[in-house]
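Protein chains: 2
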Amino acid sequence: MPRVTSKDVAREAGVSQTTVSFVLNGREEHGLSAETRRRVLETAKRLGYVPSGAGRALRKGRSNVVLCVVPDFPVAEAMEQFKLALGRSLSEAGYTCVYLHHDGTATPLAELWQHVQPAVVVSFGSLPSADAQSLRGAEIPLLDGVFTPDNTRLTGLSQQDIGRLQIEHLAARGHRHIGYAALDDPRERPFSLPRLRGATLACDDLGLPAPQVVSMRYSRASARDAVAEWTQGATPVTAVAAFNDLLALAVLASCRTQHIDVPDDLALIGVDDLPVSSLAVPALTTIGMDLTGAADNLTAGILSTVGAPAPAAPCRPAAGDILTLIHRETT
Amino acid sequence: MPRVTSKDVAREAGVSQTTVSFVLNGREEHGLSAETRRRVLETAKRLGYVPSGAGRALRKGRSNVVLCVVPDFPVAEAMEQFKLALGRSLSEAGYTCVYLHHDGTATPLAELWQHVQPAVVVSFGSLPSADAQSLRGAEIPLLDGVFTPDNTRLTGLSQQDIGRLQIEHLAARGHRHIGYAALDDPRERPFSLPRLRGATLACDDLGLPAPQVVSMRYSRASARDAVAEWTQGATPVTAVAAFNDLLALAVLASCRTQHIDVPDDLALIGVDDLPVSSLAVPALTTIGMDLTGAADNLTAGILSTVGAPAPAAPCRPAAGDILTLIHRETT
DNA sequence: CTGAAAGCGCTTACAG
DNA sequence: CTGAAAGCGCTTACAG
């Protein structure tokens, strides 16, 4: 059976296509009579009318797609949760969220958005300036650098605050000589550098010596070396803040094999609150994030960029409420 | 600056729009002269012509979107990897992959595909028959139940084989009384039931007693109870196959606190090869999966459904090559 | 071997 | 307050 078009609705309701379009798009300024409005709405619903995305996109020169360019981040639970939440809240607003995982090798971006004509492009990292330029040329709005330190207001999620929170917790528990487990993976730098910077600034603010940074990988050997470095120096460290839970768990495993007691000999705090972190022995203290809240914040920003009405949810979580300290047994 | 259209290419190449369309879509049957072809191709490239998705979709009544309906699975690393790989290989074939995470509460599906007019719908679980019906009505091809046991040929990824492989490995190492750690989460059933079934069938085939199944959650208390049940019965179990690595890690943690030696008192095998699994002490034996290979298989199926030419890659991994046993220290 | 023309479904400037 | 008409960019049946 053929599709129901706005022409069908018009004929059935005894009005013109113009009127149907005005009613369905809520264009008040043309002052349609209440009765006409009602009849059109009722007819559209009765016939099961669904507007054609293609027709609208062709006419307006702009689709209802929000194109999210995601750099080559490692797959991480937290990022997946965020993407999921963003997709949901945008779809409630009538937009389709498409993630482009861009590792540089793929199709030139310029080609893609000429083809798709997205309503907005959202870049999780920083878009190369050539791409930003080409978007400007195509008059497609861009939300750039969503997860970069300068744009924490977009999500309310500050990587620096994460590092700061870790240090503040350790300091509050009496630690003064603190180690930092950094990750030796260039793809994580957008997160790891600001977290470390936050930790360093916090130490400074609290009058503590700068954290003793050791760069490590996800391996036992690497964790063993790191622990040795922290504990065998002139002024041994009594606590370690790790870039994320996975690194913290590696350190934890290493402590066991080296018979270092956690938290008494060495306290430990991660970031992410992975499911597995609460299962560790001892259970890992960590930082949790309200990723749904962060995604809602971003959605609000996206919608205001396309000039859409603010989202239904009146209560955007404030930046400070996005992060939570989850205190378990390793501190 | 305004967009370059096929009309522009036609004018510039001194031919009609018809000819441009034929050349660019490679319609041989109309017998265009080689010289015309060359000139059109050259002009299109020179002007930077990119076809409009909206224009094409409107005309053909079908977009180039592949809509993947993903049921309410918990976020799992393996599934994310698979989705990433599928998105990549489809985009190479000129299709845009959109994931719809459907938890039942969202927009009616029928509305969505009237709006988007996808080229194919791919359902990771089983689509409700009303939805399948509505797709048929709209003449949109459907690949249904991608991860259900009846359709393992679509990806080459058999959940049953996973359970079977676990048991075969444990049996080969001399175990006869085997426990199975099942997950008590209804959302995982599409994976957990077939895995358990594969394990049970394998025991049967090998002449072993059926596995002693304990249903558990991701918590220490739950793991402790499970271990008690396995070890304190009349015929204690000497090995445990777990639904996934996370559950296996919970069991492993519990064994430590109960001073049960792994693998000597109790051997343990998981599924997924999580990054954290190689860090555990002792390191976890598990089943790894070639998810890129599985995604390539699915892409081939999708492309043949839309009548597209087979993908460039001539070598689809065979079903048997998707799974690998990763032998570490817990068995 | 190639082109003029119609039409996919929508929105909006314009006319009444 | 409402409608007729044009046009977004594409593909294809038809005519030459």
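Chains A and B are the protein sequences, given in the same order.
Residues 1 to 331 (the UniProt record's numbering) make up the first sequence, in order.
Residues 1 to 331 (the UniProt record's numbering) make up the second sequence, in order.
Just so it is clear, CB atoms sit at the ideal spot from N, CA and C, and this is done for glycine as well.
In chain order, which beta strand (DSSP E) runs of at least 3 residues are fully inside the segment 65-94 of chain B?
65-70
Can you tell me whether ASN25 (chain A) is buried or exposed? The criterion is at least 16 other CB atoms within 10 Å of its CB, across all chains shown.
The residue labelled residue 25 (chain A) in the question sits at position 25 within the first sequence. Per the 10 Å Cβ criterion, exposed.
Which residue comes first and which comes last in the beta strand (DSSP E) that contains LEU100 (chain A)?
The residue given as residue 100 (chain A) occupies position 100 in the first sequence. Element bounds for LEU100 (chain A): 96-101.
Is there a Cβ of chain B sitting closer than 8 Å to that of TYR218 (chain A), yes or no?
On the first sequence, position 218 is the one that residue 218 (chain A) refers to. Chain B contact via Cβ: present.
Which bits of chain A does PRO275 (chain B) rub up against, with CB to CB less than 8 Å?
Within the second sequence, numbered from 1, the residue matching residue 275 (chain B) stands at position 275. Within chain A, the residues near PRO275 (chain B) are TYR218, LEU246.
Min CB distance GLY179 (chain B) to chain A below 8 Å
By 1-based counting over the second sequence, the position of residue 179 (chain B) is 179. Cβ-Cβ to chain A under 8 Å: no for GLY179 (chain B).
Nearest CA to the CA of PRO236 (chain B): which residue from B:LEU206, B:THR299, B:THR148, B:ILE178?
Mapped onto the second sequence, residue 236 (chain B) falls at position 236. The option with the nearest alpha carbon to PRO236 (chain B) is B:ILE178.
Taking C-alpha atoms, which residue in B:SER6, B:SER134, B:ARG56 lies nearest to VAL116 (chain A)?
Looking up residue 116 (chain A) in the first sequence gives position 116. Nearest of B:SER6, B:SER134, B:ARG56 to VAL116 (chain A), Cα basis: B:ARG56.
Reference GLY87 (chain A); option with closest CA among A:ALA78, A:VAL98, A:VAL9, A:PRO211
Taking the first sequence and counting its residues from 1, the one referred to as residue 87 (chain A) is at position 87. The shortest Cα separation from GLY87 (chain A) among A:ALA78, A:VAL98, A:VAL9, A:PRO211 belongs to A:VAL98.
To be precise: take each residue of the segment 186-197 of chain B, compare its Cβ to all Cβ atoms of chain A, and keep it if any distance is under 9 Å. Which residues remain?
none
If we count Cβ pairs, one from each stretch, closer than 8 Å, do we get three or more for the segment 185-202 of chain B versus the segment 252-262 of chain A?
no
Compare the Cα-Cα distances from LEU325 (chain B) to each of B:LEU303, B:ALA280, B:ASP272, B:VAL276 and report the closest residue.
Within the second sequence, the letter at position 325 stands for residue 325 (chain B). For the residues B:LEU303, B:ALA280, B:ASP272, B:VAL276, the minimum Cα distance to LEU325 (chain B) belongs to B:ASP272.
If we count Cβ pairs, one from each stretch, closer than 8 Å, do we get three or more for the segment 235-250 of chain A versus the segment 271-286 of chain A?
yes
Could you check where the beta strand (DSSP E) with SER215 (chain A) kicks off and where it finishes?
Within the first sequence, the letter at position 215 stands for residue 215 (chain A). 212-216 is the span of the beta strand (DSSP E), which, as asked, contains SER215 (chain A).
Within its chain, find whatever has a CB closer than 6 Å to the CB of SER277 (chain A); leave out the 5 residues flanking it on each side and keep chain order.
Your numbering for residue 277 (chain A) matches position 277 in the first sequence. Answer for SER277 (chain A): ASP245, LEU284, THR286, listed in chain order.
Using beta-carbon positions only, say whether ALA241 (chain A) and TYR180 (chain A) come within less than 8 Å of one another.
Here the question's residue 241 (chain A) lines up with position 241 in the first sequence. Here the question's residue 180 (chain A) lines up with position 180 in the first sequence. Taking 8 Å as the Cβ cut-off, ALA241 (chain A) and TYR180 (chain A) qualify as a contacting pair.
Closer than 8 Å at the beta carbon, the chain A residues around GLN117 (chain B)
As a position in the second sequence, residue 117 (chain B) is number 117, starting the count at 1. Ordered by position in chain A, the residues that pass the 8 Å Cβ test against GLN117 (chain B) are SER52, GLY53, ALA54.
For THR330 (chain B), three-class secondary structure by DSSP
As a first step, residue 330 (chain B) must be located in the second sequence, where it is residue number 330. It is coil, neither helix nor strand.
Determine whether the beta carbon atoms of VAL122 (chain B) and TYR95 (chain B) lie at a separation below 8 Å.
Position 122 of the second sequence, counted from the start, is the residue given in the question as residue 122 (chain B). Position 95 of the second sequence, counted from the start, is the residue given in the question as residue 95 (chain B). No.
Using a Cβ-Cβ distance under 8 Å, would GLU137 (chain B) count as near chain A?
Position 137 of the second sequence, counting from 1, holds the residue named residue 137 (chain B). The sequence as given places Gly at residue 137 (chain B); Glu does not occur at that position. Taking Cβ atoms only, chain A reaches closer than 8 Å to GLY137 (chain B), which makes this a yes.
Checking 8 Å against the spacing of the C-beta atoms, do residue 332 (chain A) and GLY163 (chain A) come in under that value?
Because chain A in this structure spans residues 1 to 331, residue 332 (chain A) falls outside the shown range and cannot be described.
Of all Cβ atoms in chain A, is any one closer than 8 Å to the Cβ of SER16 (chain B)?
Position 16 of the second sequence holds residue 16 (chain B). Chain A contact via Cβ: absent.
Would you say SER33 (chain A) lies against chain B (beta-carbon separation less than 8 Å)?
Locating residue 33 (chain A) in the first sequence gives position 33, counting from the first residue. No, no contact with chain B.
How about TYR49 (chain A) and VAL4 (chain A): are their beta carbons less than 8 Å apart?
For the purposes of this step, residue 49 (chain A) is taken as residue 49 along the first sequence, with counting starting at 1. For the purposes of this step, residue 4 (chain A) is taken as residue 4 along the first sequence, with counting starting at 1. A contact, by the Cβ cut-off of 8 Å.
Of the residues A:GLY125, A:SER129, A:SER134, A:SER126, which one's Cα is nearest the Cα of LEU112 (chain A)?
Your numbering for residue 112 (chain A) matches position 112 in the first sequence. Selected option, being the one with the closest Cα: A:SER134.
Check for me: the beta strand (DSSP E) holding SER242 (chain B) runs from which residue to which?
Within the second sequence, residue 242 (chain B) is the residue found at index 242, counting from 1. The sequence as given places Ala at residue 242 (chain B); Ser does not occur at that position. 239-242 is the span of the beta strand (DSSP E), which, as asked, contains ALA242 (chain B).
Measuring straight from C-alpha to C-alpha, what distance separates ASP290 (chain B) and ASP321 (chain B)?
Here residue 290 (chain B) is taken as the residue at index 290 of the second sequence, counted from 1. Here residue 321 (chain B) is taken as the residue at index 321 of the second sequence, counted from 1. Roughly 8 Å separates the two Cα atoms.
Just the chain B side, please: which residues come within less than 9 Å of ARG256 (chain A) by C-beta, in chain order?
Here residue 256 (chain A) refers to the residue found at position 256 when the first sequence is read from its first residue. In chain order: ARG256, VAL281.
Got a sec, what are the start and stop residues for the alpha helix (DSSP H) ALA181 (chain B) sits in?
The count along the second sequence starts at 1 and reaches residue 181 (chain B) at position 181. ALA181 (chain B) -> not in any alpha helix (DSSP H); beta strand (DSSP E) instead, spanning 178-183.
Coarse secondary structure for THR324 (chain A), derived from DSSP in three states:
Against the first sequence, residue 324 (chain A) aligns to sequence position 324. DSSP places THR324 (chain A) in strand when its eight states are reduced to three.
Backbone CA spacing between ALA10 (chain A) and THR43 (chain A) [nearest angstrom]:
Locating residue 10 (chain A) in the first sequence gives position 10, where the first residue counts as 1. Locating residue 43 (chain A) in the first sequence gives position 43, where the first residue counts as 1. Spanning the two alpha carbons is a distance of roughly 9 Å.
C-alpha gap between THR152 (chain A) and ASP72 (chain A), whole angstroms:
The residue given as residue 152 (chain A) occupies position 152 in the first sequence. The residue given as residue 72 (chain A) occupies position 72 in the first sequence. Each residue's Cα considered, the two are about 20 Å apart.
With ASP144 (chain B) and ALA130 (chain B) assumed to form a contact (beta carbons below 8 Å), what rounded beta-carbon distance in angstroms separates them?
Mapped onto the second sequence, residue 144 (chain B) falls at position 144. Mapped onto the second sequence, residue 130 (chain B) falls at position 130. Contact doesn't hold; Cβ gap of about 13 Å is too wide.
Whole angstroms are fine: how far does the CA of ALA138 (chain A) sit from the CA of LEU109 (chain A)?
Here the question's residue 109 (chain A) lines up with position 109 in the first sequence. Here the question's residue 138 (chain A) lines up with position 138 in the first sequence. Each residue's alpha carbon lies about 12 Å from the other.
Close Cβ partners of PHE147 (chain A) (< 8 Å) along its chain, the five nearest in sequence each way excluded:
Locating residue 147 (chain A) in the first sequence gives position 147, where the first residue counts as 1. The residues are PHE124, GLY125, THR155, LEU157, GLN159, PRO190, PHE191.
Going by DSSP, which residues form a beta bridge with THR285 (chain A)?
As a working note, residue 285 (chain A) is residue 285 in the first sequence. According to DSSP, THR285 (chain A) bridges with A:ILE269.
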